[in-house]
Amino acid sequence: DSGVTQTPKHLITATGQRVTLRCSPRSGDLSVYWYQQSLDQGLQFLIQYYNGEERAKGNILERFSAQQFPDLHSELNLSSLELGDSALYFCASSPGAPGGTDTQYFGPGTRLTVL
Amino acid sequence: AQSVTQPDIHITVSEGASLELRCNYSYGATPYLFWYVQSPGQGLQLLLKYFSGDTLVQGIKGFEAEFKRSQSSFNLRKPSVHWSDAAEYFCAVGPPARGNTPLVFGKGTRLSVIA
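Chains as they are written, first to last, in our numbering: chain A, 1 to 115; chain B, 1 to 115.
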């Protein structure tokens with residue numbers, strides 16, 4: 001158990017809908033990362049937050065957004081869902097001190113299926 | 001842009017045999033290097049990491065990896081594979097000297113273990 005929790009574990013929804021994925025980082029970790037894992041693209045970085053502020057952005061679609069709350073949990077919002085958004089979404093956390101060499105610890109993931 | 005290549009999509013080894021999974025990276029400087037393992041239906045677990053120093057790194061579960069700067073490689077090895085090692089293995093890199101930044105992952109190598 002990495003200490004990173006993600007809910008829900010599975011999510012099945014229809015095209016055009018909106019969903020919210022939730023991540024609670026390890027106790028004390030300030031950085032949260034979101035990654036998408038799909039069969040064709042592999043593991044791709046979406047977005048990073050550090051202590052409530054966006055720190056880095058990757059291949060995140062405009063239909064997707066995220067935020068990190070004062071209690072450091074993070075939510076990834078996916079809207080106008082398309083079939084191609086079906087994937088496993090991972091959250092990772094690290095202590096996140098700037099310039100540090102922290103390890104990212106991954107949660108179990110949320111499997112999203114868009115029908 | 002940095003990239004990670006794992007040339008072998010799928011490898012099958014016999015239980016008790018040795019294992020080497022290949023990883024090559026493309027980067028302007030020596031990046032931080034990681035190996036993660038993903039068991040079916042699970043999240044990513046860190047096996048080992050290299051930041052600097054000794055180029056032979058020991059990890060969990062009896063794994064080790066060797067950083068070879070001249071070959072831009074970070075191959076993962078295990079002297080004797082157990083059936084429980086069957087999983088997907090991912091090599092990842094992070095930008096050097098900055099830390100706590102998103103990782104770039106290879107496409108993964110799926111390991112099957114036969115009796």
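Backbone N, C-alpha and C fix where the C-beta goes; we use that ideal spot for every residue, glycine too.
A:V32 versus A:N59 - alpha carbon distance:
Within the first sequence, numbered from 1, the residue matching residue 32 of chain A stands at position 32. Within the first sequence, numbered from 1, the residue matching residue 59 of chain A stands at position 59. Rounded to the nearest angstrom, the two C-alpha atoms are 16 angstroms apart.
If the cut is a Cβ gap below 7 angstroms, which residues of chain B does A:G109 touch?
Here residue 109 of chain A is taken as the residue at index 109 of the first sequence, counted from 1. Correct list: G43.
If we count Cβ pairs, one from each stretch, closer than 8 angstroms, do we get three or more for the segment 17-27 of chain A versus the segment 67-80 of chain A?
yes
In the DSSP assignment, find the unbroken beta strand (DSSP E) run with A:T123 in it and report its ends.
Look at the range of chain A in this structure, 1 to 115, and you will see that residue 123 of chain A is not part of it.
Closest Cβ-Cβ distance between B:T55 and chain A: below 8 angstroms?
Working through the second sequence from its first residue, we reach residue 55 of chain B at position 55. For B:T55, the answer is no, since every Cβ of chain A falls outside 8 angstroms of its Cβ.
For the ligand GTP, is there any heavy atom lying closer than 7 angstroms to the beta carbon of A:A66?
In terms of ligand content, the structure shown is empty, and the ligand GTP therefore cannot be addressed.
Please list the terminal residues of the continuous beta strand (DSSP E) segment that includes A:Q44.
Here residue 44 of chain A refers to the residue found at position 44 when the first sequence is read from its first residue. Here the beta strand (DSSP E) through A:Q44 covers G42 to Y50.
Taking only beta carbons into account, state which residues of the segment 13-45 of chain A come closer than 7 angstroms to chain B, listed in chain order.
S31, Y33, G42, L43 and F45
State the Cα-Cα distance for the pair A:L43 and A:F69, rounded to the nearest angstrom.
Position 43 of the first sequence, counted from the first residue, corresponds to residue 43 of chain A. Position 69 of the first sequence, counted from the first residue, corresponds to residue 69 of chain A. Looking at the two C-alpha atoms, the distance is approximately 25 angstroms.
A:K57 in three-state terms, based on DSSP:
What you label residue 57 of chain A is simply residue 57 of the first sequence in a count that begins at 1. Note: A:K57 maps to strand in three-state DSSP.
Go to B:K68, then tell me how far its beta strand (DSSP E) extends in each direction, as first and last residue.
Within the second sequence, the letter at position 68 stands for residue 68 of chain B. From DSSP, the beta strand (DSSP E) with B:K68 extends over E64 to K68.
B:S14 bridges to which residues according to DSSP?
Your numbering for residue 14 of chain B matches position 14 in the second sequence. According to DSSP, B:S14 bridges with B:I114.
State yes or no: is the C-beta of A:I47 within less than 8 angstroms of the C-beta of A:E54?
Position 47 of the first sequence, counted from the first residue, corresponds to residue 47 of chain A. Position 54 of the first sequence, counted from the first residue, corresponds to residue 54 of chain A. Closer than 8 angstroms, so yes.
So that I know if they touch, is there some Cβ in chain B lying closer than 8 angstroms to that of A:L2?
In the first sequence, the residue the question calls residue 2 of chain A occupies position 2. Note that residue 2 of chain A corresponds to Ser in the displayed sequence, not to Leu. Chain B contact via Cβ: present.
Test item: CB-CB of A:G109 and A:Q6 under 8 angstroms
Taking the first residue of the first sequence as 1, we reach residue 109 of chain A at position 109. Taking the first residue of the first sequence as 1, we reach residue 6 of chain A at position 6. Their beta carbons are under 8 angstroms apart, which means A:G109 touches A:Q6 by this criterion.
Grab the span of the beta strand (DSSP E) containing A:W34 for me, first residue to last.
Locating residue 34 of chain A in the first sequence gives position 34, where the first residue counts as 1. From DSSP, the beta strand (DSSP E) with A:W34 extends over S31 to S38.
Excluding sequence positions up to five away, which residues of its chain have a Cβ less than 8 angstroms from the Cβ of B:Q38?
In the second sequence, counting from the first residue as 1, residue 38 of chain B sits at position 38. Same-chain partners within the cutoff: L44, Q45, A87, E88, Y89, F90 and G108.
A:Y89 versus B:I11, B:Q42, B:K68 and B:N24, residue with shortest Cα-Cα distance:
Taking the first sequence and counting its residues from 1, the one referred to as residue 89 of chain A is at position 89. Nearest of B:I11, B:Q42, B:K68 and B:N24 to A:Y89, Cα basis: B:Q42.
Output yes or no for whether 8 angstroms exceeds the beta carbon distance between B:G62 and B:K49.
Start at 1 with the first residue of the second sequence, and residue 62 of chain B comes out as number 62. Start at 1 with the first residue of the second sequence, and residue 49 of chain B comes out as number 49. For B:G62 and B:K49, no; Cβs fall outside 8 angstroms.
From the beta carbon of A:Q48, is the nearest beta carbon of chain B less than 8 angstroms away?
Your numbering for residue 48 of chain A matches position 48 in the first sequence. Answer yes: the Cβ-Cβ gap between A:Q48 and chain B drops below 8 angstroms somewhere.
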